[in-house]
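Asks: Before we start, here is the structure in question, set down as structure tokens.
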Amino acid sequence: MNITEIIDRLRQLTQVTVQHNWLGTSEEIDINDIRFDNLQSITANEKGYLTWEAGSQVKWLVQKIVIPEQLNGYPLEKLSLRLSLVWWAEIAQIFVNGKLVQEGDLFDCLARVLLTSSAQIGQEFLVCLRLVSPSHDIGALMKSQLIYESDYNAIDPGFIADELAVL
Numbered sequence: 001m002n003i004t005e006i007i008d009r010l011r012q013l014t015q016v017t018v019q020h021n022w023l024g025t026s027e028e029i030d031i032n033d034i035r036f037d038n039l040q041s042i043t044a045n046e047k048g049y050l051t052w053e054a055g056s057q058v059k060w061l062v063q064k065i066v067i068p069e070q071l072n073g074y075p076l077e078k079l080s081l082r083l084s085l086v087w088w089a090e091i092a093q094i095f096v097n098g099k100l101v102q103e104g105d106l107f108d109c110l111a112r113v114l115l116t117s118s119a120q121i122g123q124e125f126l127v128c129l130r131l132v133s134p135s136h137d138i139g140a141l142m143k144s145q146l147i148y149e150s151d152y153n154a155i156d157p158g159f160i161a162d163e164l165a166v167l
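In UniProt numbering, the protein residues as written are 1 to 167.
Here it is as structure tokens:
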């Protein structure tokens, strides 16, 4: 196994891409009454981006995240869980379980939202993104990834992978 394969394997223990799990709509929705039957699957483009029309168009993206017991054999209970996002949107609002937790825009275009500081198996989070495309360009969600992290007293495979990557 070479160093790149080791880094990839370590990241697979604590990081999972959820880019293809979003459902969406261009209609305004009530954040306190999400109806999954009104949402459609979204197909990513060749770069893996979820895009929509230019011209200050609204796109709601919705995803239910459920914490599994393990990820590729690595136990997840009691780890912290963050949702890492990168977007191209004039306005971005991130809601978790109906509460606005973060906002951004074209120049504040990434977030690492803490979903829980102590993951419990089966714990659920309803994440909703309200994104508005720039007036001059298409809008896009370019990355969405779950990152599980251990506290400072335990070895974190993702941290080790990041440190090895800079060698």
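The C-beta atom is built at its ideal place from N, Cα and C for all residues, glycine as well. Every value quoted in this text rests on a predicted model; they were computed, and no experiment measured them.
So, with DSSP's three-state summary, where would you put Thr4?
Replies: Looking at Thr4 - three-state DSSP - the assignment turns out to be helix.
Asks: Excluding the 5 residues flanking Ile6 on each side, which residues of the same chain have their C-beta closer than 7 Å to its C-beta?
Replies: The answer, listed in chain order, is Leu164.
Asks: Over the uninterrupted beta strand (DSSP E) stretch that includes Leu85, give me the two end residues.
Replies: From DSSP, the beta strand (DSSP E) with Leu85 extends over 80-88.
Asks: Should Ile121 go down as buried or exposed, given a rule of 16 or more other Cβ atoms within 10 Å for buried?
Replies: Looking at its Cβ environment, which holds fewer than 16 other Cβ atoms inside 10 Å, Ile121 is exposed.
Asks: Determine, using beta-carbon pairs with one atom in the segment 80-90 and one in the segment 135-154, whether at least three such pairs fall under 8 Å.
Replies: Taking 8 Å as the limit for Cβ pairs, the verdict is that the segment 135-154 does touch the segment 80-90.
Asks: Here's the rule I'm using: 16 or more other beta-carbon atoms within 10 Å means buried, otherwise exposed. How should Ala54 be labelled?
Replies: Classification of Ala54: exposed, given that the 10 Å Cβ count is below 16.
Asks: Evaluate contact between the segment 75-85 and the segment 105-125, counting only Cβ atoms and requiring at least three cross-stretch pairs below 8 Å.
Replies: Taking 8 Å as the limit for Cβ pairs, the verdict is that the segment 105-125 does touch the segment 75-85.
Asks: Over the uninterrupted beta strand (DSSP E) stretch that includes Phe125, give me the two end residues.
Replies: Element bounds for Phe125: 124-132.
Asks: Tell me Phe95's beta-bridge partners as DSSP assigns them.
Replies: Looking at the DSSP assignment, Phe95 forms a beta bridge with Leu100, Cys128.
Asks: In angstroms, rounded to a whole number, what distance separates the CA positions of Tyr49 and Lys143?
Replies: Taking the straight line from one Cα to the other gives about 7 Å.
Asks: Using a Cβ-Cβ cut-off of 6 Å (strictly less than) and excluding sequence neighbours within five positions of Leu85, which residues of its own chain qualify?
Replies: Result list for Leu85: Ala111, Ser144, in chain order.
Asks: How should Leu100 be labelled, buried or exposed, when 16 other C-beta atoms within 10 angstroms of its C-beta is the threshold for buried?
Replies: By the neighbour-count rule (16 or more Cβ atoms within 10 Å), Leu100 is not buried but exposed.
Asks: Applying the criterion that 16 or more other CB atoms from any shown protein chain within 10 Å of the CB defines a buried residue, is Leu167 buried or exposed?
Replies: Exposed.
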